[in-house]
Amino acid sequence: MIEPQFADETANARKAAELERFAYAVSQGGRIWFESREGEGSTFCCSLPEAGPEQL
Numbered sequence: 001m002i003e004p005q006f007a008d009e010t011a012n013a014r015k016a017a018e019l020e021r022f023a024y025a026v027s028q029g030g031r032i033w034f035e036s037r038e039g040e041g042s043t044f045c046c047s048l049p050e051a052g053p054e055q056l
């Protein structure tokens with residue numbers, strides 16, 4: 001059985017990791033947005049700019 005407090009801590013750690021990824025995407029010139037439909041939930045998205053030949 002998973003203790004409720006432990007489950008909350010695990011969920012919070014996952015959320016923090018996701019936010020770090022989004023912050024990194026933005027710091028590299030990317031963007032974040034979400035798409036939402038009533039009754040269906042939301043999808044959070046991020047994009048990064050394409051790397052130029054000098055960056056590969």
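Numbering (my numbering), first residue to last: 1 to 56. Glycine included, each C-beta is placed from N, C-alpha and C at the ideal position. It should be emphasised that the depicted structure is a prediction, and the values quoted were computed from it without experimental measurement.
| Query | Result |
| --- | --- |
| Between Y24 and T43, what straight-line distance do the alpha-carbon atoms span, to the nearest angstrom? | 19 angstroms |
| Less than 9 angstroms separating the beta-carbons of S47 and R31? | yes |
| Where G39 and P53 are concerned, what is the direct C-alpha to C-alpha distance, given to the nearest angstrom? | 44 angstroms |
| Which residue from R14, N12 and G29 puts its Cα closest to that of P49? | G29 |
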